[in-house]
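Take a look at the structure set out below.
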């Protein structure tokens with residue numbers, strides 16, 4: 063009898079507490095929202111900087127013995143297109159989750175923390191791989207690769223490379239933010255387990 | 063009195079047994095261990111396939127009007143070196159966490175799930191970015207980039223490219239495993255919150 067009584071008693075205490083005081087937001091709430099706004103800002107910055115990375119230089123054309131103006135832009139490389147797609151999705155995700163966090167009722171917080179943690183992990187995978195892909199290609203642009211005869215282009219397209227480099231740095235920051243998010247969500251869920 | 067005492071006595075013994083029984087492992091435990099062994103296997107496979115990707119072909123040398131044997135190997139590209147480092151760390155992490163999961167006392171499970179989730183997120187970031195970087199470089203090797211005059215090399219070094227491609231595919235699988243891990247850890251922690 064005692065074993066069945068105890069949970070009932072706890073239940074009644076819990077429901078009384080719930081009726082007496084409305085559930086409060088956890089301490090991490092404001093940090094959560096601030097980080098999500100930062101993710102949105104970082105993603106939008108990375109996308110804008112990458113899209114505006116355009117530079118036209120007069121370079122020797124290999125086919126003719128002439129020099130012609132040639133424009134470097136992000137759409138020249140599939141890796142940069144993937145980068146922009148991924149960071150756009152991350153920016154959208156950042157602003158949507160910020161709004162959801164703000165309008166969220168504190169009573170539903172735990173369940174939403176779970177959903178946020180699961181989605182954050184997915185977004186982290188996408189943003190980290192996009193940053194890696196763009197970084198790998200940008201590094202070849204910066205240093206070239208003498209083994210396969212890929213020439214470096216950053217000595218000619220200096221401004222373009224500065225834009226690309228800055229954009230990748232901001233995306234790296236966004237990836238770190240996503241790691242922090244997920245850790246914070248996991249920790250917030252962990253703290254709700256009674257010790 | 064004796065007839066009513068007896069059942070009470072039994073009840074109390076039962077509840078004592080329930081209190082004395084050690085905490086059991088969660089249902090997800092075996093899935094956890096299996097996934098971690100898979101991560102180890104996938105990481106080691108990716109590293110071995112990438113390291114053994116060596117091919118020597120006789121190609122025209124740009125400086126002289128001669129043809130010379132030239133070897134393609136993973137260390138020609140910094141992205142592939144980063145890839146191997148990251149996947150080696152992931153393999154080590156996989157085998158270490160498998161061992162820890164097996165020797166772990168069920169009573170400490172929740173705390174270790176938290177630590178695992180936090181570390182899994184970090185590993186996911188590393189493995190996903192390495193896969194992205196290697197994928198970005200391998201794609202240039204496969205298709206070339208006519209905008210900047212980077213020639214494709216996979217028409218000559220076919221076996222090398224097959225190795226690299228397979229290795230990246232296995233690493234992608236390892237990334238997906240890490241996403242699943244983290245989700246499973248988060249969900250296991252969430253389930254321990256009393257409803």
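Protein chains in written order, with the numbering used here: chain Y, 63 to 257; chain L, 63 to 257. Note that beta-carbon positions come from the ideal geometry of N, C-alpha and C, so glycine has one too. Note that the structure is a prediction, hence the values are computed from the model and not measured.
Cβ shell of residue i (< 7 Å), same chain only, five flanking positions each side left out
{"i": "residue 186 (chain Y)", "result": "237, 240, 241 and 244"}
{"i": "residue 107 (chain Y)", "result": "232"}
{"i": "residue 210 (chain L)", "result": "none"}
{"i": "residue 109 (chain L)", "result": "146, 149, 150 and 153"}
{"i": "residue 217 (chain Y)", "result": "none"}
{"i": "residue 79 (chain L)", "result": "At residue 79 (chain L) the pLDDT is 49, less than 50, meaning the model places this residue with poor confidence and gives no usable figure here."}
{"i": "residue 219 (chain L)", "result": "117, 119 and 134"}
Close beta carbons around residue i, own chain, < 8 Å, minus the five adjacent residues each side
{"i": "residue 183 (chain L)", "result": "244"}
{"i": "residue 228 (chain L)", "result": "111"}
{"i": "residue 200 (chain Y)", "result": "223, 226, 227 and 230"}
{"i": "residue 102 (chain L)", "result": "153, 156, 157 and 160"}
Between the CA atoms of residue j and residue i - distance to the nearest angstrom
{"i": "residue 253 (chain Y)", "j": "residue 247 (chain Y)", "result": "10 Å"}
{"i": "residue 144 (chain L)", "j": "residue 153 (chain Y)", "result": "27 Å"}
{"i": "residue 223 (chain Y)", "j": "residue 141 (chain L)", "result": "18 Å"}
{"i": "residue 204 (chain L)", "j": "residue 169 (chain L)", "result": "51 Å"}
{"i": "residue 175 (chain L)", "j": "residue 190 (chain Y)", "result": "23 Å"}
{"i": "residue 146 (chain L)", "j": "residue 128 (chain Y)", "result": "43 Å"}
{"i": "residue 90 (chain L)", "j": "residue 208 (chain L)", "result": "50 Å"}
{"i": "residue 130 (chain L)", "j": "residue 215 (chain L)", "result": "16 Å"}
{"i": "residue 257 (chain Y)", "j": "residue 149 (chain L)", "result": "37 Å"}
{"i": "residue 163 (chain Y)", "j": "residue 212 (chain L)", "result": "46 Å"}
{"i": "residue 198 (chain L)", "j": "residue 195 (chain Y)", "result": "5 Å"}
{"i": "residue 167 (chain Y)", "j": "residue 94 (chain Y)", "result": "15 Å"}
{"i": "residue 132 (chain Y)", "j": "residue 120 (chain L)", "result": "33 Å"}
{"i": "residue 249 (chain L)", "j": "residue 137 (chain Y)", "result": "40 Å"}
{"i": "residue 206 (chain L)", "j": "residue 188 (chain L)", "result": "26 Å"}
{"i": "residue 230 (chain L)", "j": "residue 139 (chain L)", "result": "14 Å"}
{"i": "residue 157 (chain Y)", "j": "residue 179 (chain Y)", "result": "16 Å"}
{"i": "residue 193 (chain Y)", "j": "residue 192 (chain L)", "result": "9 Å"}
{"i": "residue 177 (chain Y)", "j": "residue 234 (chain L)", "result": "23 Å"}
{"i": "residue 221 (chain L)", "j": "residue 113 (chain Y)", "result": "36 Å"}
{"i": "residue 255 (chain Y)", "j": "residue 255 (chain L)", "result": "5 Å"}
{"i": "residue 104 (chain Y)", "j": "residue 96 (chain Y)", "result": "12 Å"}
{"i": "residue 68 (chain L)", "j": "residue 92 (chain L)", "result": "Any answer about residue 68 (chain L) is weak, because its pLDDT of 49 lies below 50 and its placement is not dependable; what the coordinates show is given next. Each residue's Cα considered, the two are about 41 Å apart."}
{"i": "residue 165 (chain L)", "j": "residue 134 (chain L)", "result": "43 Å"}
{"i": "residue 202 (chain Y)", "j": "residue 122 (chain L)", "result": "22 Å"}
{"i": "residue 181 (chain L)", "j": "residue 181 (chain Y)", "result": "17 Å"}
{"i": "residue 172 (chain L)", "j": "residue 173 (chain Y)", "result": "18 Å"}
Residues bridged to residue i [DSSP beta-bridge criterion]
{"i": "residue 122 (chain Y)", "result": "Y:129"}
{"i": "residue 207 (chain Y)", "result": "Y:212"}
{"i": "residue 134 (chain L)", "result": "L:117"}
Where residue i sits in the DSSP three-state scheme
{"i": "residue 103 (chain L)", "result": "helix"}
{"i": "residue 179 (chain L)", "result": "helix"}
{"i": "residue 115 (chain L)", "result": "coil"}
{"i": "residue 166 (chain L)", "result": "coil"}
{"i": "residue 238 (chain L)", "result": "helix"}
{"i": "residue 221 (chain Y)", "result": "helix"}
{"i": "residue 252 (chain L)", "result": "helix"}
{"i": "residue 90 (chain Y)", "result": "coil"}
{"i": "residue 139 (chain Y)", "result": "coil"}
{"i": "residue 80 (chain Y)", "result": "Per-residue confidence for residue 80 (chain Y) stands at a pLDDT of 47, beneath the threshold of 50, marking its modelled position as unreliable; the derived number appears in the next sentence. Three-state result, residue 80 (chain Y): helix."}
Spatial neighbours of residue i in its chain, beta-carbon cut-off 6 Å, leaving aside the 5 residues before and after
{"i": "residue 99 (chain L)", "result": "160"}
{"i": "residue 225 (chain L)", "result": "111 and 115"}
{"i": "residue 251 (chain Y)", "result": "175"}
{"i": "residue 118 (chain L)", "result": "131 and 133"}
{"i": "residue 76 (chain Y)", "result": "Low confidence applies here, because residue 76 (chain Y) scores a pLDDT of 49, under 50, leaving its location unreliable and the question unanswered by this model."}
Any chain C beta carbon closer than 7 Å to residue i
{"i": "residue 245 (chain L)", "result": "Checking the listed chains, one finds no chain C in this structure; the protein chains it contains are Y and L."}
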